[in-house]
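Take a look at the structure set out below.
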Amino acid sequence: MVYKKRSLKPVEKPFAKKLTVDNDKNQDKSTTIPKGNMRDVRTVRGMKDVLPEDQKYWRHVYRTAESVADESYFERIETPLLEYTPIFTRAVGENSDIVQKEMFSFNDRGGDNLSLRPEGTAGVVRAYVEHGMMNRPQPVKLWYYGPFFRYDRPQSGRQRQFHQFGCEVIGDSHPVIDAQMVALVSEFFKRLSIPVIIQVNSIGDKESRVAYGRALLDFLKPHKHKIDKELLEHYKKTPLRLLDVKDEELQLILDNAPQIVDYLTPEANQHFVKVLEHLDELDVSYQLNPKIVRGLDYYSHTTFEVMPEGGGKKLNALGGGGRYDSLVELFGGREQTAGACGFALGIERVISQLKALDLSVPGQKPPEVFLAQLGDKARQKAIKVLHDLQRGGFRVAETFSKGGLKPQMEIANRLKVTFTLIIGQKEMIDDTILIRDMENGIQEVVDSRKIVAELKKRIHDANGDSN
Numbered sequence: 066m067v068y069k070k071r072s073l074k075p076v077e078k079p080f081a082k083k084l085t086v087d088n089d090k091n092q093d094k095s096t097t098i099p100k101g102n103m104r105d106v107r108t109v110r111g112m113k114d115v116l117p118e119d120q121k122y123w124r125h126v127y128r129t130a131e132s133v134a135d136e137s138y139f140e141r142i143e144t145p146l147l148e149y150t151p152i153f154t155r156a157v158g159e160n161s162d163i164v165q166k167e168m169f170s171f172n173d174r175g176g177d178n179l180s181l182r183p184e185g186t187a188g189v190v191r192a193y194v195e196h197g198m199m200n201r202p203q204p205v206k207l208w209y210y211g212p213f214f215r216y217d218r219p220q221s222g223r224q225r226q227f228h229q230f231g232c233e234v235i236g237d238s239h240p241v242i243d244a245q246m247v248a249l250v251s252e253f254f255k256r257l258s259i260p261v262i263i264q265v266n267s268i269g270d271k272e273s274r275v276a277y278g279r280a281l282l283d284f285l286k287p288h289k290h291k292i293d294k295e296l297l298e299h300y301k302k303t304p305l306r307l308l309d310v311k312d313e314e315l316q317l318i319l320d321n322a323p324q325i326v327d328y329l330t331p332e333a334n335q336h337f338v339k340v341l342e343h344l345d346e347l348d349v350s351y352q353l354n355p356k357i358v359r360g361l362d363y364y365s366h367t368t369f370e371v372m373p374e375g376g377g378k379k380l381n382a383l384g385g386g387g388r389y390d391s392l393v394e395l396f397g398g399r400e401q402t403a404g405a406c407g408f409a410l411g412i413e414r415v416i417s418q419l420k421a422l423d424l425s426v427p428g429q430k431p432p433e434v435f436l437a438q439l440g441d442k443a444r445q446k447a448i449k450v451l452h453d454l455q456r457g458g459f460r461v462a463e464t465f466s467k468g469g470l471k472p473q474m475e476i477a478n479r480l481k482v483t484f485t486l487i488i489g490q491k492e493m494i495d496d497t498i499l500i501r502d503m504e505n506g507i508q509e510v511v512d513s514r515k516i517v518a519e520l521k522k523r524i525h526d527a528n529g530d531s532n
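Numbering (my numbering), first residue to last: 66 to 532.
Put into C-alpha cells, the structure is as follows:
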C-alpha cells in the first residue's frame with residue numbers, strides 16, 4: 066500500500082508497522098500506471114476482487130448470517146473503517162502481533178493517528194460507550210458484517226482485506242450468554258451444511274491468568290535452549306500468547322505444559338462449569354482445548370475457536386470468540402454494564418469451505434421474461450413496458466442497444482427465459498405485444514394494457530402452481 070500520493074505517512078511508533086511498498090518485493094514502488102503497460106493494472110497485493118460468478122457464495126453466506134442474527138434478535142451495527150489508533154492499541158494490546166506488525170496506521174493531514182480497523186469488537190464497544198447504549202435495557206445485542214484490514218503476508222485463507230460476520234452481547238456477564246454465542250456459531254454452520262468442531266477453553270479471570278502465566282514460564286525454563294530467545298522475551302509479559310504462536314517445535318513442548326483449567330480461581334472455575342452445563346443443555350457439540358487463548362488482550366474466561374471438521378492442525382480456524390468483561394470499562398463504560406461476549410467468523414474462509422465441500426449454493430434467480438424490440442419507436446414503448454413489468458414483480462432481461470430480432474432471440478435462448486415479449490412496428494400500430502413461449506415456440510398477440518396480468522397467469526401455469 067502506498068501513501069505518497071496523499072502525503073500519508075505511516076505512524077512512526079514502535080507498535081506501528083511502517084507500511085510502504087518497500088515491504089513487498091513483488092510490489093511496484095509507484096501507483097502510477099505507465100501508459101500501455103497493462104500488466105500494472107491490477108489489484109493491490111493482498112486485496113481481491115469478488116467476481117460475478119462468486120457472488121452467489123457471498124450472498125448466501127450474508128443471508129445466512131442475517132437470518133441467524135435476526136432470529137436471535139441481534140441489531141445490525143456498522144462502524145467506520147477508520148478509527149483512532151488508540152482504540153485498537155488499548156483493546157487489542159500494544160504487544161500483540163496485530164498492533165506490532167499488522168495494522169494499517171498513518172497520520173492524516175490534521176495530524177490524527179488513524180488505523181484501518183483490524184477487527185470488529187473494539188469499534189463496536191467504542192460505539193456502545195460513545196452512544197450511551199449502557200442506558201438501554203441490558204444486555205445489548207449487536208451484529209456486524211464487513212471488511213477488515215491487516216498487513217499480513219498474503220496466503221491461502223489470509224488476505225490483507227478480509228470480511229467478517231460478528232455478534233456481540235454487551236452488558237451482562239452471565240455464563241449462559243457464553244453458551245448462547247457458541248450455540249449461535251454452531252447454528253450458522255449447520256445452516257450452511259459445513260461440519261465444524263468448536264473448541265472451547267477458559268482463560269479465567271486476571272488472577273487465574275497471572276498464576277498460570279508464572280507456571281507456564283516455570284515449565285519452559287528447562288526448554289529455553291530449544292526456544293527462540295526473542296520469542297520468549299516478546300511474550301514475557303503475556304505468556305499465555307505462547308500457546309497461540311505458530312511454531313511447531315514450541316507447540317510440541319507445550320503439549321506437556323500445565324493446563325490453565327488447573328489454575329482457575331474458584332469463581333472462574335464455577336463460571337466455566339456453568340458454561341459447559343449450558344452447552345450440554347443446548348445440545349451443542351464441542352471439544353475442550355486448553356490451548357485456545359485467542360491472541361488479543363481483552364479476552365477473559367470463555368474462549369472458543371471454530372475448526373473445519375477433519376481438517377487437521379494446519380487448517381486455519383474459521384473464526385472464534387469469547388468473553389471480554391474488561392473492555393467496556395476500559396473504554397469508559399460503567400462497571401455494572403462491563404460484561405460482554407462475542408465472536409467473529411472469517412467470510413473468505415467460510416466460502417472456501419463451501420467450495421471445498423462442493424456444497425450447492427442458490428444463485429441469482431434467472432430472468433423470467435426477455436423483452437425484444439424492433440426500431441426506435443418500439444424501443445421507446447419497450448422502455449415503458451419494462452418499467453410496468455418490473456413494478457409487477459417480474460425479473461426481466463433486455464438488450465435495448467440491439468435492434469435486430471435474431472441477436473436478441475439468441476440472448477433470450479441463452480438466458481433460458483420462459484417467455485419473450487416482442488414489440489415491432491405492427492405491435493406499435495395495434496397497441497399489442499407478441500408473447501412467445503420459449504419452450505414450444507407458440508406465439509400469441511396480447512393487448513398491451515393486459516400484459517402484466519397475462520404474464521402472471523402464464524408464469525403461474527408454467528410453474529405448475531396450485532394456488
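Backbone N, C-alpha and C fix where the C-beta goes; we use that ideal spot for every residue, glycine too.
Check, Outcome
"Every unbroken beta strand (DSSP E) within the stretch 324-349, with a cutoff of 3 residues, ordered by chain", "none"
"Nearest-angstrom Cα separation, counted from I416 out to D526", "37 Å"
"Buried/exposed call for D512, threshold 16 Cβ in 10 Å", "exposed"
"Secondary structure, alpha helix (DSSP H): runs of 4+ residues fully inside the stretch 263-330", "271-285, 294-299 and 313-319"
"Beta-ladder partner(s) of L181, from DSSP", "L147"
"Whether V482 touches F435 by CB criterion (8 Å)", "yes"
"Assigned secondary structure, Y68 (DSSP; H/G/I helix, E/B strand, else coil)", "Because Y68 sits at a pLDDT of 35, beneath the cut-off of 50, its placement in the model cannot be relied upon, and the following sentence gives the value as read from the coordinates. Coil."
"Element boundaries [beta strand (DSSP E), containing H366]", "S365 to P373"
"Under 8 Å between C-beta atoms of E140 and K206", "yes"
"Pick from D496, K356, V450 and R155 that is closest to I268, judged by C-alpha positions", "K356"
"Beta carbon of V157 nearer than 8 Å to that of C406", "no"
"Assigned secondary structure, V358 (DSSP; H/G/I helix, E/B strand, else coil)", "coil"
"For G386, the residue or residues it bridges with in DSSP", "F369 and F408"
"Rounded Cβ spacing between Q203 and G236 (contact assumed at less than 8 Å)", "3 Å"
"8 Å Cβ cutoff met for L361 and S170", "no"
"At least 3 beta-carbon pairs within less than 8 Å: the stretch 324-335 vs the stretch 286-300", "no"
"P240, buried or exposed, once every other Cβ within 10 Å from all chains shown has been counted against 16", "buried"
"T186 - partner residues in DSSP beta bridges", "Answer is none; T186 lacks a bridge partner."
"Length of the line joining the Cα atoms of L422 and L249", "22 Å"
"Integer Cβ distance of R182 from G111, believed to fall under 8 Å", "Not really, about 16 Å apart at Cβ, beyond 8 Å."
"Element boundaries [alpha helix (DSSP H), containing F253]", "P240 to R256"
"Own chain residues within Cβ distance below 8 Å of V349, not counting five before or after", "A244, V247, A248, S251 and I263"
"Rounded distance between the beta-carbons of G188 and I152, thought under 8 Å", "7 Å"
"3-residue-minimum beta strand (DSSP E) runs that sit fully inside the stretch 428-482, ordered along the chain", "434-438 and 461-463"
"Three-state secondary structure assigned by DSSP to S170", "strand"
"One or two residues paired with Y209 in a DSSP bridge", "G231"
"Where V126 sits in the DSSP three-state scheme", "helix"
"As assigned by DSSP and simplified to three states, the class of Q203", "coil"
"Rounded C-alpha distance that separates M199 from R128", "29 Å"
"C-alpha distance - G440 paired with V450, whole-angstrom precision", "15 Å"
"Beta carbon of V340 nearer than 8 Å to that of T367", "yes"
"Beta-bridge partners of A498, as assigned by DSSP", "A quick correction: the sequence has Ile, not Ala, at residue 498. V511."
"Outcome for A518 when other beta-carbon atoms lying within 10 angstroms are tallied against a minimum of 16", "exposed"
"Sequence-distant residues of its chain with Cβ nearer than 7 Å to A134 (five each side left out)", "W208 and C232"
"Cβ pair V261, L383 closer than 8 Å", "yes"
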